[in-house]
Amino acid sequence: MTTVASATSAVSTTEIMIGAIAEMLAGLSHIAVGASSPIPGSAALLTRARSGGRTRVSVLGSRENNPFTDGGRELFDCAGQGRIDAFFLSGGQIDGGANINLVGVGDVGDYPRAEARFPGSFGSSYLYFVVPRVILFREEHTPRTLVEEVDFVSAPGTSPPEVYRPGGPHALVTSLCVFSFDRNRARFTLQSVHPGVTAAAVRAATAFDYDASAEVPQTPRLDAEGLALLRSTVAREVAETYPDFARRHWGV
Amino acid sequence: MTTVASATSAVSTTEIMIGAIAEMLAGLSHIAVGASSPIPGSAALLTRARSGGRTRVSVLGSRENNPFTDGGRELFDCAGQGRIDAFFLSGGQIDGGANINLVGVGDVGDYPRAEARFPGSFGSSYLYFVVPRVILFREEHTPRTLVEEVDFVSAPGTSPPEVYRPGGPHALVTSLCVFSFDRNRARFTLQSVHPGVTAAAVRAATAFDYDASAEVPQTPRLDAEGLALLRSTVAREVAETYPDFARRHWGV
Amino acid sequence: MPAQTTEILDLETLASRIPNGARIALPPDYSGCAMAAVRALMRRPVRDLHIIAVPAGGMQVDMLIGAGSVARVEAAAVTMGENGLAPRFTAALKSGEIEMWDATCPAIQAGLQAAEKGIPFMPLRGIIGSDLLRVRPDWKVIDNPLAEDGRRDPIVILPAITPDVTLFHALKADRYGNVWIGVRRELMLMAHASRQALVTVEQIEDVNFLEDPVLAAGTIPGLYITAIAEAKNGAWPIELSGAYPADRTAQADYVKAARTADGFAQWAAEVVHDRVPA
Amino acid sequence: MPAQTTEILDLETLASRIPNGARIALPPDYSGCAMAAVRALMRRPVRDLHIIAVPAGGMQVDMLIGAGSVARVEAAAVTMGENGLAPRFTAALKSGEIEMWDATCPAIQAGLQAAEKGIPFMPLRGIIGSDLLRVRPDWKVIDNPLAEDGRRDPIVILPAITPDVTLFHALKADRYGNVWIGVRRELMLMAHASRQALVTVEQIEDVNFLEDPVLAAGTIPGLYITAIAEAKNGAWPIELSGAYPADRTAQADYVKAARTADGFAQWAAEVVHDRVPA
């Protein structure tokens, strides 16, 4: 697609995901986004655009939206100070306890050899503990990615009470649905399914067990105003950091 | 004095002290100097001038000679990295074990009340441990300053073997003499007396016990070349950081 | 569209944001002292401050003690530098009217770094055998848990220092609350470590320092700055690097006057309560 | 008269200063990679490097693995970013030919900060319950010795990371060895923490950066820099902020070629051994 998406074009799954994440961010003061996270990044920039300047967004690897001046450690220090309200993590595998694996597939006893090696844990083993609202996202929703138990815990979903942990998982957003996470019960609940997706389809694509009510609502779409904002102002801001992504989705 | 001291003027006690310290610094790579230390500062700058660019001098509070760009902690970090070969400490009291007191006079049990309060320990409690060659200096040489036992240990002269301590006291320079310090024996030895001073006068002015040979040599003066350098190039460099001192001593 | 979360206030309002009893971090005399704001605090007067000098205090600490605004000083030293001992500090310790937490420079910096990193403590070499350990029960010696071969390796650990507020003066800020400090990185450390940072500046510019890669390198992002206020000559009579030198006469006058409580009171009546340089 | 202790070398001589077996710290792809120097190392080829990626590795790490120069990688991740998995890294971990020390970004930064401060360890929050603790026996969980009221407060402590050498590329140095890095402070941390720092730059200027207070704020003093060498386009095909963007075609070509050992060898024959951009 090389022309700007009009406000009346069909809402894409990507835009559904962006809308679902943006809803979780409303009212927060400071949202940080990792380097290769265009969907959360778009949601964060949309949230900022709707906040009237009250929401700060820090995008790693961005020139325009990276406010840090103290080197690579500043994001982590800033989170440790409690100054970051939300962050986003993904995983090669995510399990029903919200444990995430960014290291590899295979028996951890064989480490470092792996059947499949992922890049590595990045900052997850730390940020998952100190950022109050961590939103997991993973576009690929299959039994291969949403597993019963991760092969390697880069960062655990929950911790014993004596462990200092002001932060942790809030929700999981995939291309099919939104799960909320209950930290006390260490368990996901199916919150909503995206348009055209059934609860049964989610169940079939998910290798871990989770709770779901009999009637699962549909993930709300962005309203017309939000969608127009996303496709215009926000799309141009997204393009600064994620040019390929912005071109592909909104032709900017 | 408002004219430049000529190379033939009488050598002052200050210049004797500068010369004695400079001798201890020859060949070192990096000498750091505290903010209010003009005598050691002059000795360090003289050492640099004679090194042909091989000796680095970092003077706190100097614009020209302070190479640090990472804030107040950099001097201490730099010393912790082992990158500083020599530093200078003084003390409201110094005792025969090279313990120094920068806090106050009075029973430590009454702390924080003090009969006389000094400014405080500054970085001494740390730098005394990590800088290999710490040179103590104190112009006032009286039983009031060179005491049998300090009232408050800002930094101890020696430590038990299990304590990490690559650094420590090397010598003590006063307006009367030079003491060397033996870290294994935790004891000073009278190394030399300044011109016009007798070993007996030093003994009378010192409240702590120390070793001395029967014949104590005189503290060597700077040679003519060194003195000329000190009174010209170095004096002008000293003036950048210690303007009053340079004006008083060399009229620059 | 950068976020706009730093408030732009006038000097008196900025000073009013520091509550009685605050744990307040103040920079050393060479690093940008918010002297105009300190005078505003004395006029109020603020009470029961716990001052954290980073790492040593000078004229501003002595003035606040003289004004009766200080309950406690945590510092590696308090001194008037070439002007000698800090008179009100020295008198207060003789009379016992303030609490003193003696420290050593790198211990204060390490404590702030611990707060900056969100860790509860930081180890530091040295100090063992110093009486500082006697008078600082919050400092502790442990055996290095990573020492090789069961070798004993005692090391001091220091608790994080998280000031309620940091107060300093700088050359300039921009309208987004970004503050340019150049090489004075201790100010950045203080802002990172503190819950709030209040900053006075010579001027607020209508630009964004972070858009200039050369300026950005010496800038504290507005993210850490609670509020800014313009204060021309805001560091007087302390020097402000790049702007003006110390007013050594005014400093010497202070030291002379403040030798006695009466002398201090007279000095304050004149300099703090009336003759406020614009 | 500043001291002149930083050597000014040519590129090949600078690369020759890195011995086999060195523990070498390398910056991330956004921070100035000394790619020309890395190609010089591959031509030699250097052997048995222990790479410390600060905190994640990219093309330079993958290339060195492909060249057989690497014994061990210590990193929070190794990735080609938008170009996907790092092919030689992934293959090496499948075959087991390199040792891997998985980490997390702030752990590597904390380890370097410990070395910067001359302390043997640094505590860090998080990590507990991660399998990183299983595969990193050098990391340890202790009870926070300063926890209140005997409350249990487990916390991870990490040993200091002291690289033998840091290697990176920057826009410019001056003739005293001062290197301007702007906001890329991880490079300063690396230089502080390492025994030696070798730096290539686009150009060496006949000035003193430390005399300019605005430039000084973004400068690593020559004190920490062992040697510098000029290397025009020294970061190619990685971007150098303020100078040139990434050559995305060259990067994509690499990822495609390096999928197999043969493909890598062919790529290296062409790009590393012959076509050295001036």
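Chains as they are written, first to last, in the working numbering: chain A, 1 to 252; chain B, 1001 to 1252; chain C, 2001 to 2278; chain D, 3001 to 3278.
Each residue gets a CB set at the ideal place from its N, CA and C atoms; glycine is no exception.
* Asked: Per DSSP, B:E1115 forms a beta bridge with which residues?
  -> B:E1115 is not bridged to any residue.
* Measure the alpha-carbon distance for A:P143 versus A:G104 and round it to whole angstroms. => 16 Å
* To do: Give a yes or no on whether 7 Å exceeds the smallest Cβ distance from D:A3258 to chain A.
  => no
* May I have the straight-line CA-CA distance separating B:A1214 from B:P1119, to the nearest angstrom? => 39 Å
* To do: Using a Cβ-Cβ cut-off of less than 7 Å, list which residues of the segment 144–169 of chain A approach chain D; keep chain order.
  => F152, V153, S154, A155, P156, S159, E162, V163, Y164
* Asked: First and last residue of the alpha helix (DSSP H) that includes B:A1022?
  -> 1013–1025
* Does the segment 3075–3095 of chain D come within contact of the segment 110–119 of chain A, defined as at least 3 CB pairs closer than 8 Å? -> yes
* What residues match up with C:P2159 in a beta bridge as DSSP calls it? -> C:F2121
* To do: Would you mind working out which of D:R3044, D:H3273, D:M3059 sits nearest D:V3078, comparing C-alpha positions?
  => D:M3059
* Leaving aside the five residues before and after C:R2151 along the sequence, list all residues of the same chain whose C-beta is less than 8 Å from its C-beta, in chain order. => none
* Asked: Under a CB-based cut-off of 7 Å, is A:A114 close to chain D?
  -> yes
* Asked: Any Cβ of chain D within less than 7 Å of the Cβ of A:D70?
  -> yes
* D:E3148: CB within 6 Å of a non-hydrogen atom of the ligand NAP -> In terms of ligand content, the structure shown is empty, and the ligand NAP therefore cannot be addressed.
* chain D beta carbons: is any one of them nearer than 7 Å to that of A:S58? -> no
* **Helix, strand or coil at C:G2177 [DSSP, three-state]** => coil
* Helix, strand or coil for C:M2059 per DSSP? -> helix
* At a CB-CB cut-off below 7 Å, which residues of chain D make contact with B:N1251? -> The identity of residue 1251 of chain B in the sequence shown is Gly, whereas the question assumes Asn. Simply none; closest approach about 22 Å.
* B:R1248 versus C:P2237 - alpha carbon distance -> 25 Å
* **B:T1206 to B:N1184 span [Cα, whole Å]** => 22 Å
* Asked: Any idea what DSSP makes of B:D1244, helix, strand or coil?
  -> helix
* Does the distance from the CB of B:V1130 to the CB of B:A1079 come in under 7 Å? -> yes
* Looking only at its own chain, which residues have a Cβ that is under 7 Å from the Cβ of C:Q2203, when we skip the five neighbours before and after it? -> K2172, E2230
* Asked: C:A2216 and A:T69: beta carbons closer than 7 Å?
  -> yes
* Asked: Which chain C residues are close to D:N3144, counting only those with a beta carbon under 8 Å from its beta carbon?
  -> P2120, F2121
* Asked: Do D:V3073 and D:M3100 come within 7 Å of each other at the CB atom, strictly closer than that value?
  -> yes
* Roughly how many angstroms lie between the CA atoms of A:L136 and D:K3256, to the nearest whole one? -> 30 Å
* Taking the C-alpha atoms as reference points, what is the distance between D:P3106 and B:S1232? -> 51 Å
* Asked: For the alpha helix (DSSP H) that C:L2014 lies in, which residues bound it at each end?
  -> 2011–2016
* Nearest-angstrom Cβ-Cβ length linking A:I39 and A:I21, presumed shorter than 8 Å -> 7 Å
* Nonlocal neighbours in the same chain, by C-beta distance under 7 Å from B:V1178, ignoring five residues either side -> A1020, A1171, Q1191, S1192, T1219
* Can we say the segment 2065–2072 of chain C touches the segment 2108–2125 of chain C, given the rule of at least three CB pairs closer than 8 Å? -> no
* To do: Alpha carbon to alpha carbon, how far is D:A3022 from D:L3049? Give it in angstroms, no decimals.
  => 5 Å
* Asked: Straight-line CA distance for A:R48 to D:P3027?
  -> 31 Å
* **Beta-ladder partner(s) of D:F3168, from DSSP** => D:V3199
* To do: Pull out every residue of the segment 1086–1106 of chain B whose Cβ sits closer than 8 Å to any Cβ of chain G, in chain order.
  => Within the model displayed, chain G is absent; protein chains A, B, C and D are what it includes.
* B:F1076 vs B:V1134 beta-carbon contact at 7 Å -> no
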